[in-house]
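J.: Before I ask anything, here is the structure I am working with.
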Amino acid sequence: MKKITAPRIPDGDLTVYPNDTYFIEDIGEVSEQIFRKTTLTGEIFEHFHLETIIFDGCVFDSVSLVSANLTDVVFKNCDLSNLDLMGAVIHRVRFENCKLIGVNFSDATLRNCVFVDCYADYVAFRYANLKWVAFEAGAYTNSDFSGAQLVDTYLERLDLNKAQFLNCALNGIDLSSCIFESITAMPQDLKGVSIDFSHAPALMPLFGIRVK
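Residue numbers (numbering that gives the first Met the number 0): 0 to 211.
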């Protein structure tokens with residue numbers, strides 16, 4: 000496994016924003032900040048830029064960051080549910096113990112990203128380009144990876160029940176530590192994937208195999 004580069008957050012004290020509500024457009028030019036237990040709200044923004052920021056215990060309320068650029072950002076204990084990051088460029092970003100229900104990463108580009116212990120049911124990575132990305136523990140039921148490119152991407156100890164991998168080549172991907180009773184994929188999508196013996200009943204119907 001390639002060592003994924005962590006967000007480059009400088010040592011020393013960062014400026015802490017107090018517990019309050021902020022409009023997302025008001026923080027676009029700041030860097031080297033910590034937002035702790037704050038609420039971020041706003042309208043739809045495109046090509047927004049966030050860099051060298053820690054969000055700790057924050058809530059993103061009705062925020063859309065289509066085609067945003069996120070570099071060296073940490074989200075910890077945050078609620079990002081339904082955040083729209085379609086087409087975003089996400090580099091050296093860590094999501095830890097976050098609520099990512101319904102987050103839209105479709106068509107996004109992710110490099111050196113880590114998702115740890117996240118609750119991410121219905122998250123969408125449709126046609127996203129992932130390289131050097133690790134998913135470590137968490138719930139990803141009904142997630143959608145259709146059309147995504149997964150290069151040096153690691154999925155470990157995830158609940159992937161009812162996940163979709165249509166037209167997503169899983170060659171070289173190890174799903175043996177994950178759990179699922181069913182996934183959606185085509186036989187060609189599964190070529191070269193590693194699974195656990197317990198996954199066989201869930202995958203056999205995809206190949207038209209019936210056990211009597």
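In this text, a Cβ means the ideal position worked out from N, Cα and C, and glycines have one as well. Here the structure is a predicted model, which means the values were calculated and not measured.
(1) Straight-line CA distance for residue 141 to residue 159?
(2) With 16 as the cutoff for other CB atoms within 10 Å, does residue 72 come out buried or exposed?
(3) Kindly indicate which three-state DSSP category residue 31 falls into: helix, strand or coil?
(4) Please classify residue 180: does DSSP put it in a helix, a strand, or coil?
(5) For residue 62, which residues does DSSP report across the bridge?
(6) Looking at C-beta atoms only, is the number of pairs between the segment 135-150 and the segment 166-174 that lie closer than 8 Å three or more?
(7) Is the distance from the Cβ of residue 33 to the Cβ of residue 53 below 9 Å?
(8) Residue ranges of each beta strand (DSSP E) run of no fewer than 3 residues wholly in the segment 98-150, ordered along the chain?
(9) According to DSSP, residue 52 sits in a beta bridge with which residue or residues?
(10) Given a threshold of 16 other Cβ atoms within 10 Å of its Cβ, counted over all protein chains shown, does residue 154 qualify as buried or as exposed?
(11) Let me know the secondary structure DSSP gives residue 82 once reduced to three states.
(12) Taking Cβ positions, are residue 30 and residue 50 nearer each other than 9 Å?
T.: So, from the listed chains and residues:
(1) Straight-line Cα distance between these residues: approximately 7 Å.
(2) Under this definition residue 72 is a buried residue.
(3) Under the three-state reduction of DSSP, residue 31 is assigned to coil, being neither helix nor strand.
(4) Residue 180 carries a coil assignment under DSSP once its states are collapsed to helix, strand and coil.
(5) BP columns for residue 62 are empty, so no partner.
(6) With a cut-off of 8 Å, the segment 166-174 and the segment 135-150 count as touching, because enough Cβ pairs lie within range.
(7) Contact: yes.
(8) Within the segment 98-150, complete beta strand (DSSP E) segments of at least 3 residues are found at 108-118 and 128-138, given in chain order.
(9) Residue 52 pairs with 32 and 72.
(10) Within a 10 Å sphere around the beta-carbon of residue 154 sit 16 or more other beta-carbons, which makes this residue buried.
(11) It is coil, neither helix nor strand.
(12) Taking 9 Å as the Cβ cut-off, residue 30 and residue 50 qualify as a contacting pair.
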